[in-house]
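So the sequence shown is numbered by our numbering: it starts at 46 and just counts up by one.
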Amino acid sequence: MSVRNTFNSLAILALVISAGCKLNKDGNCLNPKAGCFVKDTEAPRVTVTDPPSTETNPAAPNQPSLSQIVITFSEPMKNAGDKSNYSVTPIDATIGSIDKLSDTSYRVNFSNPPTGVAQAVLNIAPLTDLSDNAITVATSTITVPLEPIQATHTFVSNQAGSFQSTDLTWKNGNLVAVDYTVKKGGTSCATATALSGTNVSGTGLAANAQVVTTLDRLQFTDQVATKVWVCQVNVGAGVNVELETTITRDDTSPSVGTITAGIYPRPHTITLTCSDNAERIAYRTDGIAPTYTVARVEVNPAVQYVTATGYALPMGEINLIYSCVDRAGNISTASAVYNLKSAMVWGTSLWSAPGPTPPYDVWK
C-alpha cells in the first residue's frame with residue numbers, strides 16, 4: 046500500500062471515530078456502538094439553592110416569604126424548564142414561571158408566594174438529566190423554612206409616637222379547620238399564657254385562612270424578649286400546630302456616638318454610631334437636626350447613613366448633625382453639630398496633578 050493510500054485510510058478512520066464519539070451536553074457519547082460510549086447512570090442532584098434549603102444547608106435560616114428560588118443541579122437537566130414538573134405546598138401557593146439561567150441552574154418564580162406557614166416544600170421528583178436519570182430521592186423535594194408569623198414590628202415601645210403595637214399576620218396552613226389561641230411566654234403552647242387583643246382566639250378557622258392579630262405594648266415587659274405562640278388545634282384530625290415569633294418591648298431611646306470635628310485630608314470616611322437596637326441613622330450637613338415620618342423614615346433633605354460604607358466627606362466644609370431610630374421606633378436626641386472640612390493637601394500623593402490651580406481650595 047502506498048504512503049498516500051495509508052494516509053487516506055487513516056484520515057477516513059479518524060473521521061469515523063470522530064463522528065462516532067460525538068458528545069451530548071451531558072458529556073455522554075451519542076452513539077452506543079462507538080468505543081467512546083459510557084452509559085450515564087448517575088442520578089442528578091441539587092447542589093445549592095438560593096435562598097438556602099434544608100437539603101443543601103441543614104441550618105438554613107427562615108425566610109419571611111418565598112417569591113422565587115434558584116436551584117442549581119449537579120449536571121445539565123432535560124426538563125427543568127417546564128413548570129408542570131414542579132409542585133409546591135402549601136396548596137394555595139402557585140408557580141408562575143421558570144427561568145433557565147444555565148444548563149444546570151433554574152429560577153422558579155412563584156405567582157402566589159407561600160407565606161404564613163412554617164415551610165415551603167417544592168416537589169421536583171419528575172426532573173431528569175439528559176440521560177433520563179431521575180433526580181435522587183434524597184433531593185426530590187426542596188424545603189425552605191419560612192417565618193410562619195409576619196410581624197409589622199418585632200419591637201414595641203411605651204413612648205408616645207413610637208411603635209406602640211404590632212400586627213401579626215399568620216395562616217392556618219393545615220388542610221382542615223382549626224381552633225386557635227394566641228399566647229405569650231413559656232416554652233410551648235402548654236406553658237404559655239393567653240394574650241388579649243384583636244383576633245387572639247377563634248374556632249373553626251378554615252384551611253389556608255389568614256388572620257391578623259393585633260397586640261399592644263402593655264402586654265409585654267420592658268426590655269424582655271417575649272415568645273408569642275399561635276396555637277392551632279383540631280383534635281379530631283390530630284392537628285396540634287404551634288407557630289412562634291418573638292416580640293420585645295423597648296421603652297428606652299437610643300443614643301448617638303461622638304465624632305471628632307476638624308480638618309481631614311481627602312479621602313476620609315466618617316463613622317456614625319447608634320446604641321440600642323439601631324434600625325437606621327440619618328444625617329444632615331446643614332446643621333439642622335434630621336426629622337422622621339410616623340413610619341420612622343427620614344424626611345428629605347436628611348439622608349440615611351449606610352453603615353457598611355460609612356460617610357465619605359465631600360470637598361469643602363459641612364456642619365454634620367445626625368440622629369437614629371431604634372427598632373421600636375424610639376428616636377434619639379440629635380448629635381452635636383460637627384464642623385468638618387475636607388480637602389486635598391499639597392505635598393502628598395493625594396494630588397493627581399503637578400500642583401493646585403487657583404482658586405486654592407486647600408487647608409493645611
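Glycine is no exception: its CB is placed at the ideal position from the N, C-alpha and C atoms.
For S132, the pairing in a beta bridge is given by DSSP as N168. Taking the CA atoms as reference points, S241 sits about 23 angstroms from R372.
A straight-line Cα-Cα distance of about 17 angstroms links T211 and G230. R341 sits in coil when the DSSP states are folded into three classes, being neither helix nor strand.
For E287, the uninterrupted beta strand (DSSP E) segment begins and ends at 284-294. With three or more CB-CB distances shorter than 8 angstroms, the region 290-310 counts as touching the region 187-204. By the Cβ neighbour-count rule, E120 is buried, with 16 or more other Cβ atoms within 10 Å of its own. Burial state of N107 is exposed, judged by a 10 Å Cβ sphere holding fewer than 16 other Cβ atoms. Here Y309 is actually not in contact with L365; their C-beta atoms are around 12 angstroms apart, not less than 8 angstroms.
CA-to-CA, the gap between S185 and T134 works out to about 14 angstroms. According to DSSP, residue pairing for E87 in a beta bridge does not occur.
By the criterion of a C-beta distance shorter than 8 angstroms, E100 is surrounded in its chain by V91, T94, A183, T184, T186, I187, T188, once the five residues flanking it on both sides are discounted. The DSSP-derived three-state label of R372 is coil. Rounded to whole angstroms, the Cβ separation of N203 and A252 is 38 angstroms, and the two are not in contact under 8 angstroms.
Secondary structure of Q255 (DSSP, three-state): strand. DSSP places N157 inside the beta strand (DSSP E), whose first and last residues are 150-157. Residue pairing by DSSP places P310 opposite A388 in a beta bridge. The residues N154, F155, P158, in chain order, have a CB closer than 8 angstroms to that of S112 in the same chain once the five nearest residues on each side in sequence are set aside.
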